[in-house]
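To keep things clear, I will list the structure first and then write my remarks on it.
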Amino acid sequence: MSEEILINVTPRETRVAVVENGMPQEVHIERASRRGYVGNIYRGRVQRVMPGMQAAFIEIGLERAAFLHASDILRPPPALSEDGEPPAPAPPPPIAELVREGQEITVQVAKDPIGSKGARLTTQLSIPSRYLVLLPYSRVIGVSARIEDETERQRLKTVMGELMAPTGMGCIVRTNAEGQAAAALGEDVDYLLRAWEAIGVDGGNSRAGQRIYEDLPLPLRTVRDLLRSEIDKVRVDSLETFERMRAFARQFTPELADRLEHYSGDTPIFDLYGVEDEIQRAMRKEVPLKSGGHLVIDQTEAMTTVDVNTGSFLGQRNLEETVYRTNLEAAQAVARQLRLRNLGGIVIIDFIDMIDADHRRQVLRTLEKALTRDHARTNVHDFSPLGLIEMTRKRTTESLERQLCEPCPACAGRGQQKTAETVTYEIFREITRAVRQFDASQLMVLASPKVVARVLEEESAAVAELEEFLGKTIRFQADDQYAQEQYDVVLL
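Numbering (my numbering), first residue to last: 679 to 1170.
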């Protein structure tokens, strides 16, 4: 499989695309005016304690107060039982016993503000590097579940146990660490310890609302998090950014530094690989399938729903075979769209109903296999009695659509607008209401051209009846500045 990373840099925006076999799979965007906060560490002040929610709101200098749940507050590890085994996890104590209003506390952003929700915080601080994630307040040595070879997992645990023992801290071994020598892991440990020492110094001198530690900018995070041995090339269209990334890679991943190259072609790099077109398509609800079927994706505040339709696909054998083939293709398309659109939280997939139980198992297996390449953690459940698949995908940042779009001013984000007929009858009711409240000899209605055209052509008889009933003259004037749902009734 061919896999490349493309980086497009402009003065106020950086975009990163992961391309597999010529098809864009992920898009990451960072704007200078609105950088993400995940991973940043702040000195915060407890603004309000909410016992009913087992949470507190923390002021960390952002637009909205951030949210800290009791389960995300670091507590002393429980004592081992008599047989040396750790006890079962206990529920957190009441939030009022953990924090109090006005208290200053060091916190880290776990999730960016999303929609109307503030950032999600934790006091269980962690600092990532190329191969590791440092856990300063823990002694646990964990290994990524993506490293499946048991011998390698045991080797990494042994190596990291020896490296971390003098520090009294714990760590998580990332997927990139697979096959790495102890010396390379030791360099990462040294880097993390230096970073933690700097945070400790800064944290002691910081005031509430001040940022203590900021994660790397997107291009350098790309080198740290996405550059792996499977990546063939990382192409950057900015010479300055390329040089920064190459210097960073030579320091932390020298064996992969030669995979970076500067792109200086005349065609914009995202146009060359079709990424721009793919981003535009990701703004649409409907996703066509090669078979002739299509997906309909709806993102709401509570969840994302995906509906699978056969469309024009008729198949070659029978209905069950047609449905099965469409669902197999849809399962792979859904996994790709979740990554491309960065859709997180609860996802409900409504595949076309299948009678054959083996077909359902194959579709579920295909979906799970397609999701294994997703960097975000996913959890997929079996078909429900209604034939739906419920799954979750870890969400830390806004979806691609919500980063690039805003609610439509005409429909206020409903995705629908009232018909000209509906607005016409609303205007008639408003005229009646206005005449009963105020005295006027005539009225003027300002509305969109489409609504006025309907009133004067199809509803002219109704207007005449209304004028006779009210004993008033009513004039209509079209104005291009009015959206279809907007109108004004003016008393003259």
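Glycine included, C-beta positions come from ideal geometry on N, C-alpha and C.
As the structure is a prediction and not an experimental result, all values here were calculated from the model.
What did DSSP end up calling Arg709 once you bin it into helix, strand or coil?
-> DSSP places Arg709 in the strand class (E or B) of the three-state scheme.
Anyone know if the C-beta pair for Ala637 and Tyr809 falls short of 8 Å?
-> What the structure shows of the chain is the stretch from 679 to 1170, and residue 637 is not part of that stretch, so it cannot be assessed.
Have a look at Ile1026 and Ala748 and give me their C-alpha separation to the nearest angstrom.
-> Computed Cα separation, rounded: 29 Å.
Could you pull the start and end residues of the beta strand (DSSP E) that Met847 belongs to?
-> Unbroken run through Met847: none, as it is neither H nor E.
Using the Cα positions of Val1203 and Glu954, report the straight-line distance between them to the nearest angstrom.
-> Past the edges of the chain, shown from 679 to 1170, lies residue 1203, and the structure says nothing about it.
Specify the secondary structure class of Phe1116 as computed by DSSP and reduced to three states.
-> Correct three-state label for Phe1116: coil.
Count the other CB atoms, across all protein chains shown, that sit within 10 Å of the CB of Cys849; report buried if there are 16 or more and exposed otherwise.
-> Classification for Cys849: buried.
Coarse secondary structure for Val1141, derived from DSSP in three states | DSSP places Val1141 in helix when its eight states are reduced to three.
Three-state secondary structure (DSSP) at Phe1029?
-> Phe1029: coil per DSSP, three-state reduction.
State the beta-bridge partners of Tyr1002 as determined by DSSP.
-> Beta-bridge pairing links Tyr1002 to no other residue.
Who does Gly1065 pair with in a DSSP beta bridge?
-> Answer is none; Gly1065 lacks a bridge partner.
Can you give me the start and stop residues for the beta strand (DSSP E) that Met923 sits inside?
-> Taken as a continuous stretch (DSSP letters only), Met923 belongs to no beta strand (DSSP E), being part of the alpha helix (DSSP H) at 917 to 930.
For the alpha helix (DSSP H) containing Val837, list its first residue and its last residue.
-> Val837 -> alpha helix (DSSP H) spans 828 to 842.
Determine, using beta carbons only, whether Tyr720 and Gln888 come nearer to each other than 8 Å.
-> The answer is yes: Cβ separation under 8 Å.
Per DSSP, what kind of secondary structure is Tyr809 in: helix, strand or coil?
-> Here Tyr809 sits in coil by DSSP.
Hey, Arg742 and Glu779: beta-carbon distance below 8 Å or not?
-> No, the Cβ-Cβ distance between Arg742 and Glu779 is not below 8 Å.
Of the listed residues Gln1115, Thr1056, Met1032, Asp976, nearest to Tyr1002 (C-alpha basis) = The option with the nearest alpha carbon to Tyr1002 is Met1032.
Tell me which same chain residues have a C-beta within less than 6 Å of the C-beta of Gln1094, skipping the five on either side of it?
-> When the five nearest sequence neighbours on each side are left out, no beta carbon in the same chain lies closer than 6 Å to the beta carbon of Gln1094.
How about Ile683 and Ile909: do their beta carbons lie closer than 8 Å?
-> Closer than 8 Å, so yes.
Does DSSP put Gly722 in a helix, a strand or coil?
-> Gly722 falls in the strand class under three-state DSSP.
Do you know offhand how far Ala768's Cα is from Glu775's?
-> Going by the C-alpha atoms only, they are around 15 Å apart.
Give a yes or no on contact between the segment 1122 to 1140 and the segment 1150 to 1170, applying the rule of three or more CB pairs nearer than 8 Å.
-> The answer is yes - the segment 1150 to 1170 touches the segment 1122 to 1140, with three or more Cβ pairs under 8 Å.
Are the CB atoms of Glu704 and Val696 nearer to each other than 8 Å?
-> Going by beta carbons, Glu704 and Val696 fall inside the 8 Å limit.
To the nearest angstrom, how far is it from the Cα of Glu1110 to the Cα of Ala1142?
-> First, the amino acid is wrong: residue 1110 is Thr here, not Glu. Cα-Cα distance, rounded: 14 Å.
Same chain, Cβ closer than 6 Å to Arg713, five either side skipped, listed in chain order | Excluding positions up to five away in sequence, the list is empty.
When DSSP labels each residue in this structure, what does Gly878 get in the three-state scheme?
-> Residue state, collapsed to three classes: helix.
Is Val1168 buried or exposed, if buried means 16 or more other CB atoms sit within 10 Å of its CB?
-> With a 10 Å radius around the Cβ and a threshold of 16 neighbouring Cβ atoms, Val1168 comes out exposed.
On the premise that Gly864 lies in contact with Leu898, defined as a C-beta separation below 8 Å, what is that separation, rounded to the nearest angstrom?
-> Here Leu898 is actually not in contact with Gly864; their C-beta atoms are around 21 Å apart, not less than 8 Å.
Quick one, which of Val974, Ser1077, Asp1060, Thr1075 has its alpha-carbon nearest Met1069's?
-> Just measuring C-alpha positions, the residue of Val974, Ser1077, Asp1060, Thr1075 sitting nearest Met1069 is Asp1060.
Assigned secondary structure, Ala744 (DSSP; H/G/I helix, E/B strand, else coil) | Ala744: strand per DSSP, three-state reduction.
Supposed close pair Gln781, Leu799 - CB separation, criterion 8 Å = Actually they are not in contact, since the Cβ atoms of Gln781 and Leu799 sit about 14 Å apart, beyond 8 Å.
Beta-carbon proximity check, Ser1062 vs Gln977, cutoff 8 Å = Not in contact: Ser1062 and Gln977 (Cβ atoms no closer than 8 Å).
Provide the residue span of the beta strand (DSSP E) that contains Asp1166, from first to last.
-> 1165 to 1169 is the extent of the beta strand (DSSP E) around Asp1166.
Exposed or buried, which one is Leu997 when buried takes at least 16 other CB atoms within 10 Å?
-> The C-beta of Leu997 has fewer than 16 other C-beta atoms within 10 Å across all chains shown, which makes the residue exposed.
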